[in-house]
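Numbering (the working numbering), first residue to last: 1370 to 1495.
First comes the structure, then the notes that go with it.
See the structure below:
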């Protein structure tokens, strides 16, 4: 993205932050789809839970319900993406360049940080 903004974007009036502001909106929705794929593959699940929405991941031989952290992350990315689209659609003239990218980074990694506390440690398996 940086290379594109330096070589082609400047000619057309697009700098790096302009590109990242637009790109991060779609990346939020892509992150949602990736986490749903993790759910379908029984990957990256959470600790044991007694909550009624706990999942038993039979594919991995689990017998106890686990936190569906993939759904938690997918929902956080979806809400973040929808919020960014709303601001883009209705408040674009009131925000500064880099706003969307900054909100995306804080929202995405903030939620990831919080969700990591209920995830099981990931180990290599094949």
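Using N, Cα and C, we set each Cβ at its ideal position, and we do this for glycine too.
Identify which residue in the options has its Cα closest to the Cα of residue i.
i            : options                   : result
residue 1451 : 1438, 1488, 1405 and 1399 : 1399
residue 1483 : 1423, 1410 and 1438       : 1438
residue 1385 : 1487, 1466, 1446 and 1456 : 1466
residue 1457 : 1447, 1469, 1448 and 1446 : 1469
Alpha carbon to alpha carbon, what distance is there between residue j and residue i?
i            : j            : result
residue 1387 : residue 1475 : 18 Å
residue 1431 : residue 1417 : 10 Å
residue 1402 : residue 1443 : 7 Å
residue 1477 : residue 1393 : 10 Å
residue 1414 : residue 1396 : 22 Å
residue 1433 : residue 1422 : 12 Å
residue 1382 : residue 1429 : 51 Å
Should residue i be flagged as near chain B, meaning a C-beta pair shorter than 7 Å?
i            : result
residue 1411 : Any reference to chain B falls outside this structure, which holds one protein chain only.
Take the Cβ of residue i as the centre, count every other Cβ of all protein chains shown within 10 Å, and call the residue buried at 16 or more, exposed below.
i            : result
residue 1473 : buried
residue 1404 : buried
residue 1390 : buried
residue 1435 : buried
With DSSP as the reference, identify every bridge partner of residue i, one or two as the case may be.
i            : result
residue 1424 : 1435
residue 1417 : 1435
residue 1488 : 1415
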